[in-house]
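For reference, the structure is listed below as C-alpha cells.
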Amino acid sequence: MSGLMVLAENVHKSFGRVEVLKGIDLEVRRGEVCCLLGPSGSGKSTFLRCINHLEKVDAGRLSVDGKLVGYRQQGDKLYELKERETAQARSEIGMVFQRFNLFPHMTALGNVVEAPIRVKGESKSAAADRARALLDRVGLADKVDAYPAQLSGGQQQRVAIARALAMQPKLMLFDEPTSALDPELVGDVLDVMRGLAEDGMTMVVVTHEMGFAREVGDTVVFMDGGVVVEQGDPKSVINNPQEERTKAFLGKVL
Amino acid sequence: MSAGAPERLVAVPVRHYGRWVSAVAVLAGLAAVVYAFSQAEIDYGTTGEFFTADNIVRGAGRTLLISVLAQAIGIALGVVFAVMRLSKNPVTSTVSWCYIWLFRGTPVLVQLLIWYNLALVFPTMFGHPTSDLMTPFVAALLGLGINEGAYMAEIVRAGIASVDEGQTEASQALGMTQGQTLRRVVLPQAMRVIIPPTGNEFINMLKTSSLAYTIQYGELLLSAVSVYTRNLQVIELLFTVSLWYLVLTSVFSIGQYYLERRFARGALRDLPATPLSRVLANLRGGPRI
Ligand SMILES: Nc1ncnc2c1ncn2[C@@H]1O[C@H](COP(=O)(O)OP(=O)(O)O)[C@@H](O)[C@H]1O
Ligand SMILES: [Mg+2]
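One line per chain: the protein sequences are A and B, in this order. Heads up: the first sequence begins at -9 in the working numbering, then just goes up one per residue. Heads up: the second sequence begins at 555 in the working numbering, then just goes up one per residue.
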C-alpha cells in the first residue's frame, strides 16, 4: 500500500462555464496534516467537496487511499460509481463544515449515533457508548442531551467533529472549521483538531488560522484562482513565501 | 447618587373616541342579528335534540372517517409527488407537475362526480361491475384524497425546499443515501414548515367532505338532509350540522397547536409554555409563566 491518502493530478472542475479548479496537483500522505490556504473564491471548498465525492471532477485524476473518486476503473474504461458505492466511499471520509451543519432536530448524542446506526448498522447501545466516549473526548460529556440550538458555536463544531469521527474515517476534511466562531471559542476547536493530528489522523484543513497551520500542519498549500500557487513546509511557505500572490495574501491575513 | 424608586410619570392618556364609536356600532349590529334569529321561526330545541341523534352522530363519525382517510391519502401522495417534482429525472418531475396542474385546476366537486360516475364509461373493472367497486365511500375517498394530494405535494415541496442545503450535504458526507437523508434529516425538519398548512388542509377537509353528500356518501350533511326532507325542519338541522362542524374543527385546531409545538423541537431553545401548563402552574401557585 502506498503512503498516499490523497492524490490529485491536474484536477479540473467547472460550474457551467466558470472553471473553478484549473488543474490541481496535490499529495497528502497518510498521517499528514495538509493546510489549504488561499483567498475566498479560490476553489478551496470545491476541492474539498471533490475529495468527498460531493462534486464530480471534470478532468484529471483524484484518488483517495488508492481508489478513484467517483469512478471505478476496469481495464482502461471508467465507470461512474452507483449511489451506494459513492455513499460507502463518503462514509470513510469525515467532513467538518464552516457552519457546523448539525442536525437541529437531534440531540448531540443523536447527531453522533445517527450515521453509525444507519450506515454501518451498529447496534444502538454500542453506537451510544462510542458516541459518549467521543463527546467526552471533545470535552462535551455534559452536553450529550443538548440540542444544537442550546450549544455555543464552538460546542456545536466540536459535536460536528465527534459526529464525523464516529464513522471512524481514514481521512478528515475541515472546511474553515473556526471561521464562523467568536474568537474566544476558536481555541477549543483547534485544540481538538491538534489532538486528532497527534493521534495520527490524516487531515486536510482549509483554514485562515496561520498559527495552527504553522504548528500543526505538515504541509501548507496556497491556492489562488483555481491553481496551487505554492506548497511546501509550513514554516518556509508562511515565513518565507516565494510567489508574489502568496506574499500578498499572507500580508493581509498575518 | 439618589436611591429609591424613580418618580412615576403622570400624564393624561390619549382618548380613543374612534374605538368607542366603532365598538358600539359593531355591538349594535350583532345585537340586531341575534334579535332577528331569536324572533325567527326556528325551533332551537330541535337543533339541540338532533345534535345527539343516532343518525347525525353516525354521520359525524363518517365525516371524521372520510376526512382522516382522505387526508392520509393526500399526505402520502403529496410526499411522493413532491419528491418526484424535485427529482432530477425530467419524466418524473413532469408527471408530477401535470398531476398537480390537473387536480388543482378542476373543482373537487366535479372530480367527485367523475369518480362516482365512472361506471358509465368503464362498466367493469378488475373483472367486477364498476358500480360494485365504486361505492359512494370509495368514490369520495378517491376524489377527496387524490385532490388533496395535489395540494399536499406543493406544501411538502415548499417544506423540503425550506431545509438548508448544508443539512443534505452533512448527511451525505456521513455516507447516508439519498433515501436515508430524506427520511432522517430533511423530512423531519421540513415538518415544521409542512405541519401548519397541513393542519389547515385537514380542517378544510372536514368541511369539504360535505361535498360527498352529492354522491350519496352518508356523512354529516347527508344525514341531516335525510332528516329534514322528512320533518321539514331545514334550518334547524342545518344548524345542528354547523354545530358539529364547529366542534370538529375546534377540536382539531387545538390538536394542531400541540403538534406544531412538538415539531418546533430544536428550532427554539425552550418550548413556550402551553396555555394548559400555564393554567396549571398558576393553580399550583408556582412562578407565573
Ligand atoms: N455549486 C456551485 N455552482 C456555481 N458556482 C460555484 C458553486 N460552488 C462554488 N462556486 C464558485 O466557485 C468559486 C470557488 O468557490 P469555493 O470553492 O467555495 O471557494 P473558496 O472555498 O476558496 O472560498 C466561487 O467563485 C464560487 O462562486
Ligand atoms: Mg470556502
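Each residue gets a CB set at the ideal place from its N, CA and C atoms; glycine is no exception. Remember, predicted model here, so these are calculated numbers, not experimental data.
Status (buried if at least 16 other CB within 10 Å, exposed otherwise) for T828(B): exposed
S169(A) Cβ short of 6 Å to ligand 2 heavy atom set: no
Reduced DSSP category for G613(B) - H, G, I as helix; E, B as strand; rest coil: helix
Beta-carbon neighbours of Q78(A), restricted to chain B and to distances below 7 Å: G729
Straight-line Cα distance separating E166(A) from S621(B): 51 Å
Buried or exposed by the 16-neighbour rule on C-beta atoms within 10 Å, applied to P117(A): One detail in the question is off: residue 117(A) reads as Ala in this sequence, not Pro. Flag for A117(A) reads buried.
Interfacial residues, the segment 741 to 764 of chain B to chain A, with Cβ spacing under 9 Å: P742, Q743, M745, R746
Selection from D208(A), F93(A), S169(A), Y69(A) that minimises the alpha carbon distance to K225(A): Minimum Cα distance to K225(A) is reached at D208(A).
7 Å Cβ cutoff, A98(A) in contact with chain B: no
Beta carbon proximity, V739(B) to chain A, threshold 7 Å: With 7 Å as the cut-off, V739(B) counts as an interface residue toward chain A.
Buried/exposed call for V568(B), threshold 16 Cβ in 10 Å: exposed
Candidates A778(B), T735(B), A707(B), of which the one nearest W798(B) by Cα: Looking from the CA of W798(B), the closest CA among A778(B), T735(B), A707(B) belongs to A778(B).
Within the segment 739 to 820 of chain B, ranges of the alpha helix (DSSP H) (whole runs, at least 4 residues): 741 to 762, 774 to 785, 788 to 817
Check: K34(A) C-beta below 6 Å from any heavy atom of ligand 2: yes
Cβ contact (3+ pairs, closer than 8 Å) linking the segment 694 to 713 of chain B and the segment 741 to 760 of chain B: yes
CA-to-CA distance, A152(A) to L161(A), given in whole angstroms: The straight-line gap from Cα to Cα measures roughly 14 Å.
C-beta contact flag for E773(B) and R616(B) at 7 Å: yes
From L186(A), Y137(A), D172(A), residue whose alpha carbon lies closest to that of F164(A): Checked all of L186(A), Y137(A), D172(A); the closest Cα to F164(A) is L186(A).
Sequence-distant residues of its chain with Cβ nearer than 6 Å to A607(B) (five each side left out): Counting only Cβ-Cβ distances below 6 Å, and skipping sequence neighbours, we find nothing.
Backbone secondary structure at M85(A) - three-state DSSP: In the structure shown, M85(A) sits in a strand (DSSP, three-state: E or B).
Touch test, the segment 576 to 587 of chain B against the segment 740 to 752 of chain B, Cβ-Cβ under 8 Å, three pairs minimum: With the cut-off at 8 Å, the segment 576 to 587 of chain B and the segment 740 to 752 of chain B do not touch.
8 Å contact criterion, which R738(B) and L640(B) should meet: CB distance rounded: About 17 Å; that fails the 8 Å criterion.
Test: V128(A) CB closer than 7 Å to a CB of chain B: no
heavy atom of ligand 1 below 6 Å from G60(A) C-beta: no
Chain-ordered chain A contacts of G720(B) [CB-CB under 8 Å]: F87, R89, N91
CA-to-CA distance, A727(B) to F87(A), given in whole angstroms: 10 Å
Within-7 Å CB hit, N643(B) to chain A: no
Identified DSSP bridge partners for C25(A): V195(A), V210(A)
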